[in-house]
Amino acid sequence: MAKQGYRPVGRDFPVFLHPQTQAEYALARTERKTARGYHGFQFYYAPDVTLEQDLARRDLTLNAMARELDAKGLPVGPVIDPFNGRVDLAARVLRHVGDAFAEDPVRILRLARFAARFADFTIADETLNLMRKMVVNGEVDALVPERIWQEIARGLMEVKPSRMFTVLRECGALARILPEVDALYGVPQRPEFHPEIDAGVHVMMALDYAATRGYALTVRFAVLVHDLGKANTPQEILPRHLGHEARSVTLLRPLCNRLKVPNACRDLAVLVAREHGNIHRSLEFGASALTRLLERCDAWRKPERLVEVMQACEADARGRLGFETAAYPQAARLGNALSVACRVNAGAIAAHYRAAPEAIKAALHRARIAAIAAALNPVHDPVL
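Residue 1 is where the sequence shown starts when you use the UniProt record's numbering, and the numbers rise one by one after that.
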């Protein structure tokens, strides 16, 4: 393949890129488990490895089918299906191929991600039982943070991301890789605000709403972790969750460090966790409170991020039983306030006060309050 111009790209796997199309071509291989985790494999590829041997190492029967291609890349001949993948496809069942599934803990995450993509598929009982045994045996604990985040991020972007976390919870893996999210299940909320009651159920409803809207990964991750602090609410004040926003931020930061979450996802998640309660209550705010809220969101410098903050808050508000189509006027009100405040002539104010940074900051703050007050004409102005 190298002589024909194919470029090797797999450090461990024998994978090559086509010299013109850049399509991936992999040699048939077998592998032998040598250590715990998904790195603990020894690979063997040679002309004597058969296609059936290669397919036997695949994760799911749906991924263990093959077909011959002609010189133009068109399929010819029958489907090679030694593990009845077509039967499982017709029955909409996700089933592992064989015992090799248990040797790679990443396959638990991959199967959960496929369940989020193909939400109408079920998981074979024997496959779910095998996943549970893998968790008990500690295989999931050997996963490296980068790979966990990679699969979580992909799952968040699927059609029904809640299904991924449901599957991970059913097999016990969620408590190992995202214990902060797992801890939300069974935590009660006030029924007048959350008819679904369970905090874990609420987060999954909000996450699926974000998916239906096609929101970005940053927004979906923020939705996933915005309520982590509810799991730490003192028992004596349940089902109220006073101060859960600050507790959410406290739990969120080490989670992001542990999984090496990208900065953009982390920063938006921290902002949403900290401010979503204030944003929900912002219809009550006057000009001063709105200005301070926008300042804490760094909205003057990053107006596009405020859009994502509002998307996450809208998903939070509509991710409740019976509130799926409820109006969320907070988004338009805050957007209008930002638009008005951005028209303040910062340059003229800076020129007036010149070498007095604190005076410039204070004058800008007053001017923005005045602009918002004139536009919104608030009735009152509570202090945050």
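Where is the CB? At the ideal position from N, CA and C, for every residue including glycine.
Which stretch, first to last residue, makes up the beta strand (DSSP E) that contains residue i?
{"i": "Ile80", "result": "Pro75 to Ile80"}
{"i": "Leu376", "result": "Careful: Leu376 lies outside any beta strand (DSSP E), inside the alpha helix (DSSP H) at Pro357 to Leu376."}
{"i": "Leu334", "result": "From DSSP, Leu334 is part of no beta strand (DSSP E) but of the alpha helix (DSSP H) over Gln330 to Ala341."}
{"i": "Val15", "result": "Val15 to Leu17"}
{"i": "Glu68", "result": "Ala66 to Leu69"}
In terms of residues, what are the limits of the alpha helix (DSSP H) holding residue i?
{"i": "Arg92", "result": "Neither: Arg92 is in no alpha helix (DSSP H) and is coded neither H nor E."}
{"i": "Tyr353", "result": "Ala346 to Tyr353"}
{"i": "Ala124", "result": "From DSSP, Ala124 is part of no alpha helix (DSSP H); its letter is neither H nor E."}
{"i": "Ala27", "result": "Here the sequence assigns Leu to residue 27, which means Ala is not the residue at that position. Premise fails: Leu27 is in no alpha helix (DSSP H) and is neither H nor E."}
{"i": "Asp182", "result": "Pro179 to Asp182"}
{"i": "Ala115", "result": "Val106 to Arg117"}
{"i": "Val167", "result": "Pro161 to Glu170"}
{"i": "Gln311", "result": "Pro303 to Arg318"}
{"i": "Leu56", "result": "Residue identity check: residue 56 is Ala in the sequence provided, not Leu. That run of the alpha helix (DSSP H) goes Leu51 to Ala56."}
With DSSP collapsed to three states, give me the class of residue i.
{"i": "Phe43", "result": "strand"}
{"i": "Pro191", "result": "coil"}
{"i": "Pro145", "result": "helix"}
{"i": "Leu60", "result": "strand"}
{"i": "Val379", "result": "Because the pLDDT at Val379 is just 47, under 50, the model does not fix this residue reliably, and the value given afterwards should be weighed accordingly. Residue state, collapsed to three classes: coil."}
{"i": "Leu384", "result": "Note that Leu384 scores 41 on pLDDT, short of 50, meaning its location in the model is unreliable; the coordinates nonetheless yield the value given after this. Three-state DSSP puts Leu384 in coil, outside helix and strand."}
Am I right that residue i and residue j are in contact with their C-beta atoms under 8 Å? What's the rounded C-beta distance?
{"i": "Thr94", "j": "Ile123", "result": "The question names Thr, yet the displayed sequence has Leu at residue 94. The Cβ separation is near 5 Å, so the contact holds."}
{"i": "Phe83", "j": "Ala71", "result": "Between Ala71 and Phe83 the Cβ distance is about 28 Å, and since that is not below 8 Å, they are no contact."}
{"i": "Ala116", "j": "Glu158", "result": "4 Å"}
{"i": "Ala273", "j": "Val249", "result": "5 Å"}
{"i": "Glu308", "j": "Val219", "result": "5 Å"}
{"i": "Leu251", "j": "Leu228", "result": "4 Å"}
{"i": "Asp59", "j": "Val97", "result": "7 Å"}
{"i": "Ser282", "j": "Leu334", "result": "6 Å"}
{"i": "Leu376", "j": "Ala337", "result": "6 Å"}
{"i": "Asp88", "j": "Thr61", "result": "5 Å"}
{"i": "Met164", "j": "Arg113", "result": "6 Å"}
Compute the minimum distance between the beta carbon of residue i and the heavy atoms of the ligand HEM, and state whether it is under 8 Å.
{"i": "Pro75", "result": "Because no ligand of any kind appears in the structure shown, any question about the ligand HEM cannot be addressed here."}
Worksheet entry | Segments of 4+ residues assigned as alpha helix (DSSP H) that fall wholly inside the UniProt domain "HD" (199-300) | 199-212, 217-225, 244-259, 263-280 and 287-296
Worksheet item: When the Cβ atoms of the region 68-81 are set against those of the region 96-104, are three or more pairs found closer than 8 Å?
Response: no
Worksheet item: Would the region 140-151 and the region 166-181 be scored as touching if the rule is three or more Cβ pairs under 8 Å?
Response: yes
Worksheet item: How about the region 350-358 and the region 235-255: do they share at least three Cβ pairs that are nearer than 8 Å?
Response: no
Discussion item. For the region 153-171 against the region 283-303, do three or more pairs of beta-carbon atoms, one drawn from each stretch, fall closer than 8 Å, so that the two count as touching?
Written reply: no
Worksheet item: Below 8 Å, can you find three or more Cβ-Cβ pairs linking the region 280-290 to the region 178-198?
Response: no
Discussion item. Tell me whether the region 313-327 and the region 211-226 touch, counting them as touching only if at least three CB pairs, one residue from each stretch, are closer than 8 Å.
Written reply: yes
Worksheet item: Are the region 44-53 and the region 23-30 touching by the rule of at least three beta carbon pairs closer than 8 Å?
Response: yes
Discussion item. Closer than 8 Å is the cut-off here; do at least three beta carbon pairs connect the region 182-198 with the region 301-318?
Written reply: The region 182-198, when compared against the region 301-318, does not touch it at the 8 Å Cβ threshold.
Discussion item. For the pair the region 328-341 and the region 362-380, tell me if three or more CB-CB distances fall below 8 Å.
Written reply: yes
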